[in-house]
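S.K.:
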Amino acid sequence: MRSLNSKNYDTDKSKYMVRVYEELLAPLAGQDIRLLELGIHRGGSMFMWLDYFERGQIAGLDFLPVSLDDPSGRLHLYQGEQQDPRLLDRIRAEVAPDGFDVIIDDASHEADFTRKSFWRLFRNHLKPGGWYFIEDWGTGYWKSWPDGRHYKGSNHLHGMVGFVKELIDECGAGDITFPGLGISPHRLPEIAELRIVPALVAVRKPDAEFASPA
Ligand SMILES: C[S@@+](CC[C@H](N)C(=O)[O-])C[C@H]1O[C@@H](n2cnc3c(N)ncnc32)[C@H](O)[C@@H]1O
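For the numbering used here, add 1 to where a residue sits in the sequence shown, where the first one is 1.
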């Protein structure tokens, strides 16, 4: 099986990130998957995914115009904002009518935009059991980032750091609403698994049989 390696591609994805991607996505290699990445830049990661998922359809979205040479015909590029729900719905309809297997957010790294894309895509357009990755959440610790601030203590919730805490709270939804102890009504978490590593968060959607009743 082909291994995932970023060093031959024009992408800033580190070898540590790629190791997590490979660990979680290896079961999908060789399958006819649907992958969406928010944030294309020069297209390095688009080519990395095309090569790794030899049978997959790869979609990319960026608010800047991007043109890439794709002899495979498996690459689908869109121009627009990651926080535009109608555009996200259209990409799913055109590229992944049955839903995406993998979604990656490597676009703004700002909490408001990241949150909007996440909930729209995770709830509506990611398949049950699928993985949603969010890169570079540490921008919330950067004072020069639009919604970041210097770290001043353990209650730091600025920018993307606060969004990661929101995901932790969602993992705790079953206890937040625990019968007799929490706030009713009781419900299951919308997140099956949350893995937080430096510069990357991986969120797995529950399999269909564990999804909360609407
Ligand atoms: C870090 S680069 C993407 C790198 C690429 N994923 C890779 O690994 O090679 C971030 C990209 O996100 C785009 N971007 C930033 N904010 C965005 C937004 N709100 N909506 C869509 N694209 C955005 C930028 O134009 C930039 O090209």
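The C-beta atom is built at its ideal place from N, Cα and C for all residues, glycine as well.
Here the structure is a predicted model, which means the values were calculated and not measured.
1) Nearest-angstrom Cα distance between D85 and S118?
2) Here's a check: name, in chain order, each residue in its chain whose Cβ is nearer than 8 Å to the Cβ of A200, leaving out the five neighbours to either side.
3) Along the alpha helix (DSSP H) that carries K14, what are the first and last residues, could you check?
4) In terms of residues, what are the limits of the alpha helix (DSSP H) holding E167?
5) Residue range of the alpha helix (DSSP H) that G45 falls in?
6) Answer with buried or exposed for L89, where buried requires no fewer than 16 other C-beta atoms within 10 angstroms of its C-beta.
7) Quick check on L39: does DSSP put it in helix, strand or coil?
8) Can you check which of these residues, F64, R87, L69, R75, is closest to G81 by C-alpha distance?
9) How is P180 classed by DSSP in three states: helix, strand or coil?
M.R.: On the basis of the supplied data:
1) Residue mapping note: residue 85 aligns to position 84 of the sequence shown, counting from 1. Residue mapping note: residue 118 aligns to position 117 of the sequence shown, counting from 1. If you take the alpha carbons of D85 and S118, they lie about 8 Å apart.
2) Here the question's residue 200 lines up with position 199 in the sequence shown. If we look at A200 and ignore the five residues flanking it on each side, its Cβ neighbours are S15, Y17, M18, E136, D137, W138, G139.
3) Working through the sequence shown from its first residue, we reach residue 14 at position 13. Neither: K14 is in no alpha helix (DSSP H) and is coded neither H nor E.
4) Locating residue 167 in the sequence shown gives position 166, where the first residue counts as 1. From DSSP, the alpha helix (DSSP H) with E167 extends over 160-172.
5) In the sequence shown, residue 45 corresponds to position 44, counting from 1. Its alpha helix (DSSP H) spans residues 45-53.
6) Here residue 89 corresponds to residue number 88 of the sequence shown, with the count starting at 1. Buried, because 16 or more other Cβ atoms sit within 10 Å of the Cβ of L89.
7) Here the question's residue 39 lines up with position 38 in the sequence shown. In this structure, L39 counts as strand in the three-state DSSP scheme.
8) Taking the first residue of the sequence shown as position 1, residue 81 is located at position 80. Closest option to G81, Cα to Cα, is F64.
9) For this step, residue 180 is matched to residue 179 along the sequence shown. In the structure shown, P180 sits in coil (DSSP, three-state: anything other than H, G, I, E or B).
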